[in-house]
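Asks:
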Amino acid sequence: MTLRRKLLLVALCTLALPVAGWLYVRQMETLLREGQSQALLASAGAVARSLVVTGAVAPDSAGPGWYVQQAPNPITVDGYGDDWAPLTPWSQPLGARGKLLLAADDDWLYLYADVRATRRSRADADDADALAADHLILALDNVNGRRRYLLASAAPGPFTARPLDPPVDGLPEAIAAQWQEDGSGYRVELRLPRDLRLRALGVGVYDAAAGGDRMAADTRPLLGYSDKLASELAQLVPDRVQARVLASRGWLLARSGRLNTAPGSDGQPGWFAALVYRSLLATRLEDASLWSQDVPRLDTREVAAAAAGRPVSVWRSGEERGSVVLAAAVPIEHAGRVDGVLLLEQASRTVPLLANRALFGLLLTSFGVLLVAGGILLLFATRLSLRLGRLRNAAERAQLNDGRLDGLFERGKFPMTDAPDEIGDLARSFERLFEVVGSYTDYLRTLASKLSHELNTPLAIVKSSLDNLEHAALPAEAQPYLARARDGVARLGALVRAMSESSRMERSILAAEPEDVDLRDVVRGCADAYRPLIGARRLDCMLPDAPLYLHCAPELIAQALDKLLDNALSFTPPDGWLRLALRATPEGAEIELANQGQPLPAAMQGRLFDSLVSLRDKATPGDAPHLGLGLYVVRLVAERHGGIAGARNLDDGSGVAFSLRLRGMPRQRLSG
């Protein structure tokens with residue numbers, strides 16, 4: 029992984045800033061909501077106590093009752109449920125397999141009972157065995173007493189309910205009703221005048237197939253919406269708050285106010301802001317459909333908790349986009365008994381808007397900081413990687429192919445040595461290292477000339493001493509030792525002369541005079557001269573068609589080719605082949621001599637052109653050792669012409685190729 033990518037990964041740590049800010053904003057939003065919840069609960073508690081003091085909520089609403097809904101349209105008493113369709117979702121259970129609907133308008137109280145019974149026993153209400161057939165018992169209760177009525181019919185259509193109890197003042201003698209049935213059961217529909225002032229109503233279902241108490245009726249108080257309670261409630265609740273008084277089972281008794289969901293002065297938040305608030309901040313909001321304003325009953329966990337005596341608050345989604353509603357439900361208690369539930373609801377745009385503003389401000393700031401930090405780190409990483417790359421390239425260019433150091437990188441020339449940071453320290457360390465290595469390399473390169481000069485004097489002393497010993501009277505057994513000493517002195521003298529020759533050769537190469545020549549003539553002449561010398565070996569010469577001129581010293585190039593040929597003949601079989609090729613390059617020319625033979629060892633390919641390095645077999649006793657100066661001369665000639673000498677194994681593994689890549693010798697300027 030590159031340095032820039034690593035620093036970019038480090039820059040990602042700044043993402044902790046928006047995460048921490050998001051957690052902080054979320055905590056602040058939670059605290060704001062808790063504060064509003066506590067305030068609304070306190071208001072709800074005060075209103076509930078006021079309702080208890082004024083006695084606005086009847087104690088009868090505490091127990092189970094029959095809820096009378098407001099009839100949205102006039103109801104026709106015909107035994108069919110078409111007119112009851114809008115009220116059907118809030119039907120009340122009647123017995124084990126029935127449901128009951130009650131509705132009222134200004135003049136009438138309507139009752140609709142639907143009983144599911146697949147097996148039925150039919151009889152009219154006036155029949156003697158009517159109580160043994162399927163029937164309903166209707167109980168009416170007013171201030172004067174209670175009276176029951178038998179609802180039964182042997183056939184669909186209108187019928188009259190028969191009273192089962194003595195007359196009671198204010199209660200009717202007969203009740204007209206409608207009976208309809210089908211394969212699933214039967215339905216009974218009737219209406220009662222509103223001026224009966226009923227306190228309670230009871231309905232009992234008798235199924236002849238299942239048995240049961242024939243005369244029982246589940247009598248419950250009548251509950252309904254109260255305009256008087258709504259007006260008293262309107263005087264108690266705060267502004268911009270919707271209040272609902274519910275019976276203990278969630279039936280609506282009164283309502284005041286409406287939720288203010290219109291956009292405020294700050295406007296309505298967009299869909300993106302609303303989505304961000306719902307997904308990142310207000311993650312726990314109840315569904316708005318459960319808190320509909322136009323339903324006669326609220327069946328939620330919060331209402332049930334308040335009916336059990338525990339005040340609760342909940343945040344839910346508002347009907348308008350981006351709005352939230354705070355609902356507080358508290359019990360209406362009197363003498364230790366819960367008479368009902370007070371529900372206060374308040375629409376709030378302040379919390380979402382403040383939270384969204386804080387969150388968006390935080391996100392924009394964090395994004396800006398992250399962008400700036402990432403850009404700075406990227407620029408820093410780029411500059412650092414460029415400086416390191418420059419230092420690496422300088423270190424790679426400092427060493428030439430022959431192991432020597434480039435003169436441009438002597439002390440004071442290495443890049444970035446004046447930098448005051450750690451990279452500058454590294455550059456200065458490299459500079460000192462290259463200075464030491466360069467000095468040592470120069471010492472090794474001049475060691476041969478120094479040794480040849482230093483060995484001449486002691487070698488002359490040894491040789492003169494041996495000459496004097498020859499004229500002295502020595503025993504016969506000492507003569508072999510004297511001969512060995514003379515042989516060793518001769519070989520040592522050859523070594524010293526070879527090292528001296530290498531030094532003189534370097535000086536002669538540097539002193540060579542260049543001229544413009546066609547390299548084809550030089551290479552062709554060398555090839556023609558080599559053929560008589562190589563015996564049975566085959567020599568191929570490949571030259572370009574066009575002249576190839578180069579400003580060079582042709583005698584040096586011929587000398588380098590002589591050394592290459594001498595080296596190639598040492599490794600080419602007697603019946604092998606050699607190939608001499610000349611070709612043009614963009615920088616100048618390249619001469620390559622390939623020969624058949626064993627490939628070069630991988631460890632020696634970079635050292636073949638060094639002085640005193642050879643791959644030939646060791647010399648036999650009495651022969652002078654091979655010093656490996658031939659390829660060293662080839663390298664010196666290539667460098668004198670601004671090029672390099674190289675060696676490689678052929679691709680097919682059949683031999684080795686040595687090459688001279690030449691650029692030409694510099695032209696001398698004429699002084700005027």
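Number 241 in this note's numbering belongs to position 213 of the sequence shown; there are no gaps in the numbering.
Every residue gets a Cβ at the ideal spot worked out from N, C-alpha and C, and that includes glycine.
In the DSSP assignment, what are the bridge partners of G683?
Replies: Counted from its first residue, the sequence shown places residue 683 at position 655. Per DSSP, Q624.
Asks: By a C-beta neighbour count over all protein chains shown, 10 Å radius and 16 as the cutoff for buried, is M444 buried or exposed?
Replies: By 1-based counting over the sequence shown, the position of residue 444 is 416. Answer is buried; the Cβ neighbour count reaches 16.
Asks: Who does Y108 pair with in a DSSP beta bridge?
Replies: Taking the sequence shown and counting its residues from 1, the one referred to as residue 108 is at position 80. Answer by DSSP bridge pairing: none, since Y108 is not bridged.
Asks: Any C-beta of chain C sitting closer than 7 angstroms to the C-beta of Q374?
Replies: The structure shown has no chain C; it contains just one protein chain.
Asks: Rounded to a whole number of angstroms, what is the C-alpha to C-alpha distance between R439 and N421?
Replies: The residue labelled residue 439 in the question sits at position 411 within the sequence shown. The residue labelled residue 421 in the question sits at position 393 within the sequence shown. With a pLDDT of 47 at R439, under the threshold of 50, the modelled position of that residue is not reliable, and the figure given next carries that caveat. Distance between the alpha carbons of R439 and N421 is about 17 angstroms.
Asks: Determine which residues share a DSSP beta bridge with E373 and list them.
Replies: As a position in the sequence shown, residue 373 is number 345, starting the count at 1. BP columns for E373 point to Q270 and A355.
Asks: Count the CB pairs spanning the region 204 to 211 and the region 123 to 130 that are closer than 8 angstroms, and state whether there are at least three.
Replies: no
Asks: When burial is assigned at 16 or more other CB atoms within 10 Å of the CB, is N595 buried or exposed?
Replies: In the sequence shown, residue 595 corresponds to position 567, counting from 1. Its Cβ being crowded by 16 or more others within 10 Å, N595 is buried.
Asks: Using the three-state DSSP reduction, which class does I672 fall into: helix, strand or coil?
Replies: Residue mapping note: residue 672 aligns to position 644 of the sequence shown, counting from 1. Of the three classes helix, strand and coil, the one that applies to I672 here is strand, per DSSP.
Asks: How about V358 and A72: do their beta carbons lie closer than 7 angstroms?
Replies: Here the question's residue 358 lines up with position 330 in the sequence shown. Here the question's residue 72 lines up with position 44 in the sequence shown. Going by C-beta atoms, V358 is nearer than 7 angstroms to A72.
Asks: Is the distance from the Cβ of Q97 to the Cβ of P324 below 7 angstroms?
Replies: Here residue 97 refers to the residue found at position 69 when the sequence shown is read from its first residue. Here residue 324 refers to the residue found at position 296 when the sequence shown is read from its first residue. The answer is yes: Cβ separation under 7 angstroms.
Asks: In angstroms with no decimal places, state the Cα-to-Cα distance between A356 and L281.
Replies: Translated into positions along the sequence shown, residue 356 becomes position 328. Translated into positions along the sequence shown, residue 281 becomes position 253. If you take the alpha carbons of A356 and L281, they lie about 17 angstroms apart.
Asks: Quick check on this structure: which residue in G93, R144, D255 and A153 has the alpha carbon closest to the alpha carbon of G230?
Replies: Counted from its first residue, the sequence shown places residue 230 at position 202. For the residues G93, R144, D255 and A153, the minimum Cα distance to G230 belongs to G93.
Asks: Which term fits D701, buried or exposed, when burial requires 16 or more other beta carbons within 10 angstroms of its beta carbon?
Replies: The chain is shown from 29 up to 700; residue 701 falls before or after that span and cannot be answered.
Asks: Using a 10 Å radius around the Cβ and a threshold of 16 neighbouring Cβ atoms, would you call D495 buried or exposed?
Replies: The residue you call residue 495 lines up with position 467 of the sequence shown. Residue environment: D495 is assigned as exposed (fewer than 16 neighbouring CB atoms within 10 Å of its CB, all protein chains considered).
Asks: Could you pull out every unbroken alpha helix (DSSP H) segment of at least 4 residues lying fully inside the region 550 to 578, listed in chain order?
Replies: none
Asks: R222 and A132 look like a contact to me (Cβ under 8 angstroms); what is the Cβ gap, rounded to whole Å?
Replies: If you number the sequence shown from 1, residue 222 lands on position 194. If you number the sequence shown from 1, residue 132 lands on position 104. 7 angstroms between Cβ atoms; contact.
Asks: From E620 to A504, what distance separates their C-alpha atoms?
Replies: In the sequence shown, residue 620 corresponds to position 592, counting from 1. In the sequence shown, residue 504 corresponds to position 476, counting from 1. Their Cα atoms are separated by approximately 57 angstroms.
Asks: Check the DSSP bridge columns for Y95 and list the partner residues they point to.
Replies: Here residue 95 corresponds to residue number 67 of the sequence shown, with the count starting at 1. The partner list for Y95 (beta bridge, DSSP) reads L251.
Asks: Which same chain residues, not among the five before or five after P575, have their C-beta less than 6 angstroms away from its C-beta?
Replies: Position 547 of the sequence shown, counted from the first residue, corresponds to residue 575. Once the five neighbours on either side are set aside, the close Cβ partners of P575 are D546.
Asks: Between the beta-carbon of A205 and the beta-carbon of A189, is there less than 7 angstroms?
Replies: Position 177 of the sequence shown, counting from 1, holds the residue named residue 205. Position 161 of the sequence shown, counting from 1, holds the residue named residue 189. For A205 and A189, yes; Cβs fall inside 7 angstroms.
Asks: In terms of DSSP beta bridges, what is E209 paired with?
Replies: As a working mapping, residue 209 is identified with position 181 in the sequence shown. According to DSSP, which records beta bridges pairwise, E209 is partnered with Y214.
Asks: Considering only the beta carbon of each residue, do N170 and L250 sit closer than 7 angstroms?
Replies: Your numbering for residue 170 matches position 142 in the sequence shown. Your numbering for residue 250 matches position 222 in the sequence shown. Taking 7 angstroms as the Cβ cut-off, N170 and L250 do not qualify as a contacting pair.
Asks: Excluding the 5 residues flanking A513 on each side, which residues of the same chain have their C-beta closer than 7 angstroms to its C-beta?
Replies: Counting from 1 along the sequence shown, the entry for residue 513 is found at position 485. The beta carbon of A513 lies closer than 7 angstroms to those of L494 in the same chain, with the five residues before and after it left out.
Asks: Identify the residues that DSSP records as bridge partners of L326: which are they?
Replies: By one-based count along the sequence shown, residue 326 stands at place 298. The partner list for L326 (beta bridge, DSSP) is empty, contrary to what the question assumes.
Asks: Let me know the secondary structure DSSP gives G368 once reduced to three states.
Replies: Sequence index remark: in the sequence shown, residue 368 carries index 340 (1-based). Three-state DSSP puts G368 in a strand.
Asks: Between L199 and G278, is the Cβ-Cβ spacing less than 7 angstroms?
Replies: Position 171 of the sequence shown, counted from the first residue, corresponds to residue 199. Position 250 of the sequence shown, counted from the first residue, corresponds to residue 278. Not in contact: L199 and G278 (Cβ atoms no closer than 7 angstroms).
Asks: Tell me, which residues are paired with T188 by DSSP?
Replies: Along the sequence shown, read from residue 1 onward, the residue named residue 188 stands at position 160. Looking at the DSSP assignment, T188 forms a beta bridge with A204.
Asks: Go ahead and label G232 buried or exposed: buried means 16 or more other beta carbons lie within 10 angstroms of its beta carbon, across all protein chains shown.
Replies: In the sequence shown, counting from the first residue as 1, residue 232 sits at position 204. Buried: at least 16 other Cβ atoms inside 10 Å.
Asks: Please work out which residues of its chain come closer than 7 angstroms, Cβ to Cβ, to S254, disregarding the five sequence neighbours upstream and downstream, and give them in chain order.
Replies: Reading the sequence shown from its first residue, position 226 is the one you call residue 254. For S254, the CB contacts under 7 angstroms within the same chain, skipping 5 residues up- and downstream, are L281 and A282 in chain order.
Asks: Are V665 and A612 touching if we call contact CB-CB under 7 angstroms?
Replies: For the purposes of this step, residue 665 is identified with residue 637 of the sequence shown, where counting begins at 1. For the purposes of this step, residue 612 is identified with residue 584 of the sequence shown, where counting begins at 1. Cβ distance not < 7 angstroms, so V665 and A612 don't count as in contact.
Asks: Mind checking C41: buried by the 16 CB within 10 Å criterion, or exposed?
Replies: Locating residue 41 in the sequence shown gives position 13, counting from the first residue. It is exposed - the Cβ of C41 has fewer than 16 other Cβ atoms within 10 Å.
Asks: Using the Cα positions of E373 and A76, report the straight-line distance between them to the nearest angstrom.
Replies: Residue numbering aside, residue 373 sits at position 345 when the sequence shown is read from its first letter. Residue numbering aside, residue 76 sits at position 48 when the sequence shown is read from its first letter. Cα to Cα, the separation comes out at about 14 angstroms.
Asks: Please report the Cβ distance between V216 and L164, rounded to the nearest whole angstrom; I am assuming they are in contact, meaning their Cβ atoms lie under 8 angstroms.
Replies: To locate residue 216, count along the sequence shown from 1; it is residue 188. To locate residue 164, count along the sequence shown from 1; it is residue 136. About 6 angstroms; that satisfies the 8 angstroms criterion.
Asks: In the structure shown, what three-state DSSP assignment does G73 receive?
Replies: By one-based count along the sequence shown, residue 73 stands at place 45. Helix.
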